[in-house]
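First residue of the sequence shown? That's 1151 in this note's numbering, and the numbers climb one at a time after it.
Ideal placement from N, C-alpha and C gives every residue a C-beta, glycine not left out.
Remember, predicted model here, so these are calculated numbers, not experimental data.
Here's the structure we're looking at; comments come further down.
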Amino acid sequence: MKIVIAPDSFKESLTASEVCDAIETGFTTVFKEADIIKIPMADGGEGTAAALKETLSGEWQSIIAHDPLMRPIEASYVLLPNQTAIIEMASCAGLHLLTQSERDPSIATTYGVGEMLLDAIDKGAKHIILGIGGSATNDAGTGMLKALGYRFLDSQHHELVQGGKALAALAFIDNHAVNDKIADISITVACDVTNPLCGKLGASHVYAPQKGATLDDIVILDNALSHFANIASRQNFPDNRNEAGAGAAGGLGFALMTFLSATLTGGFQLVSEFSNLEQMVQQADLVITGEGKMDFQTSMGKVASGVLSIAKAVNVPVIAICGVVDDPHSHWKDDGFTIAIPSIQTLSSLDEALALAKQNVEKTAYNIAMAMQLGQQLNR
1151 MKIVIAPDSF KESLTASEVC DAIETGFTTV FKEADIIKIP MADGGEGTAA ALKETLSGEW
1211 QSIIAHDPLM RPIEASYVLL PNQTAIIEMA SCAGLHLLTQ SERDPSIATT YGVGEMLLDA
1271 IDKGAKHIIL GIGGSATNDA GTGMLKALGY RFLDSQHHEL VQGGKALAAL AFIDNHAVND
1331 KIADISITVA CDVTNPLCGK LGASHVYAPQ KGATLDDIVI LDNALSHFAN IASRQNFPDN
1391 RNEAGAGAAG GLGFALMTFL SATLTGGFQL VSEFSNLEQM VQQADLVITG EGKMDFQTSM
1451 GKVASGVLSI AKAVNVPVIA ICGVVDDPHS HWKDDGFTIA IPSIQTLSSL DEALALAKQN
1511 VEKTAYNIAM AMQLGQQLNR
């Protein structure tokens, strides 16, 4: 029996690789001769670098970069043998780096993202895969561009301070000192967000509130980002403000497309292609996937849904093991999962559930294998 194990990470408890190992341990306790193929997955957000590192034999690289408030921190990315770097912008510009009281997208910056890009280039990267989920910023990527050598000037030729709010005073974009090395790389952005840069569906209105923006901030930021796009267009940069994904990560998507000619693609699609998931599933008798929580968002580009789609196309059954499964006996069967099982079976606190996550996943995989073994015996 050939089994493909392709889960996402369980947030705050297990990496995707650790989930793979736990499922393998539980399953092979019963089916010792099973042929297990482990493919750690991600959807382009948190865990993407770690998942692809495991699959593609990459190495972690560390750098001192600047966080959203321009404080030096240690950030890491993955460098692959084929001169590809996998960077998660959240490692230096993520919301999780700020306390609740520090969150202010009006002043938060993506400067560290540019520093990470340059470090990867200096270490030989020719292609960058950039995950842009979990940002604390709303600066339309101007912080990143500053790190690359762009200068954003007001009418008095003074350089603007960091953050999206300052863009309201932008008069000129100076690109004369841009690092030459950036022209020699290609950038693929893992992004499942389709929002434009500005307007009611744009970065400021949709995402800035969860980053700490007030109602007044939202209006100011939206106007500032619109002004930035106007200035860029007047200086003959491409006008990508209405392109799908321009509003991702507080407008970072716009900067990546407009100034760095980046290509945006679905996060799960990108990871699955690099991992050869479809090819592996075609050879499998069973697929086991999972994520921390299965709910209404699962079908909106999440890993479990993506794995299911690939497996359904070739009629391979799919089992989902998740920390929590909303209404496990209803629509998951209709969606196509053979079964979706929560690994948390007893009442426990959140801290207990996180601490016992590996043990619970192992036990759940073991119970599934025992049930399958019983089914085989009954069918003889």
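Counting only runs of 3+ residues, the beta strand (DSSP E) found wholly inside the region 1276-1336 occupies 1277-1281, 1301-1303 and 1322-1324, in chain order. Annotation for Ile1173: the continuous alpha helix (DSSP H) segment containing it runs Ala1166 to Thr1178.
For Ala1396, the closest alpha carbon among the candidates Ser1459, Leu1414, Asp1272 and Leu1247 is that of Leu1414. The three-state secondary structure of Glu1196, taken from DSSP, is coil. Around the CB of Ala1172, 16 or more other CB atoms lie within 10 Å, so the residue is classed as buried. If the five residues before and after Glu1428 are omitted, its C-beta is found closer than 7 Å to the C-beta atoms of Ser1422 and Ile1460, all from its own chain and listed in chain order. The three-state secondary structure of Ile1368, taken from DSSP, is helix. Setting aside the 5 residues that flank it on each side, Met1430 is surrounded in the same chain by Val1154, Ile1187 and Ile1189, each with a C-beta closer than 7 Å to its C-beta; the list follows chain order.
Annotation for His1216: the continuous beta strand (DSSP E) segment containing it runs Glu1209 to His1216. For the set Val1180, Ser1411, Arg1221 and Thr1234, the Cα lying nearest the Cα of Lys1203 is the one of Thr1234.
Residue pairing by DSSP places Ser1226 opposite Ser1212 in a beta bridge. Take Leu1500, set aside five residues on each side of it, and no residue of its chain has a beta-carbon closer than 6 Å to its own. Annotation for Lys1188: the continuous beta strand (DSSP E) segment containing it runs Asp1185 to Lys1188.
Within the region 1456-1515, complete beta strand (DSSP E) segments of at least 3 residues are found at 1468-1472 and 1489-1492, given in chain order. By the neighbour-count criterion, in which a residue is buried when 16 or more other Cβ atoms sit within 10 angstroms of its Cβ, Lys1452 is buried. Rounded to the nearest whole angstrom, the CA to CA distance from Asp1304 to Cys1348 is 21 Å. A distance of 8 Å or more separates the beta carbons of Thr1249 and Gly1313.
In the structure shown, the three-state DSSP call for Leu1347 is coil. The Cβ atoms of Ile1236 and Thr1198 lie closer than 8 Å to each other. The Cβ-Cβ distance between Ala1243 and Thr1292 does not fall below 8 Å. Taking 8 Å as the cut-off, the beta carbon of Thr1344 is found no closer than this to the beta carbon of Ala1382. Of the other Cβ atoms in all chains shown, fewer than 16 fall within 10 Å of the Cβ of Met1151; this residue is therefore exposed. Taking the Cα positions, Ser1411 is about 53 Å away from Gln1523.
Following the DSSP letters along the chain, one finds Ala1412 in no alpha helix (DSSP H), marked with neither H nor E. Within the same chain, no Cβ atom closer than 8 Å to the Cβ of Gln1527 is found once the five residues on either side in sequence are excluded. Boundaries around Ile1271 are those of the alpha helix (DSSP H), Tyr1261 to Asp1272, since no beta strand (DSSP E) includes it.
Apart from sequence neighbours up to five positions away, the residues of its chain that approach Leu1206 with a beta-carbon distance below 7 Å are Leu1230 and Phe1424, ordered along the chain. Relative to the Cα of Phe1322, the nearest Cα in the group Val1457, Glu1183 and Tyr1300 belongs to Tyr1300.
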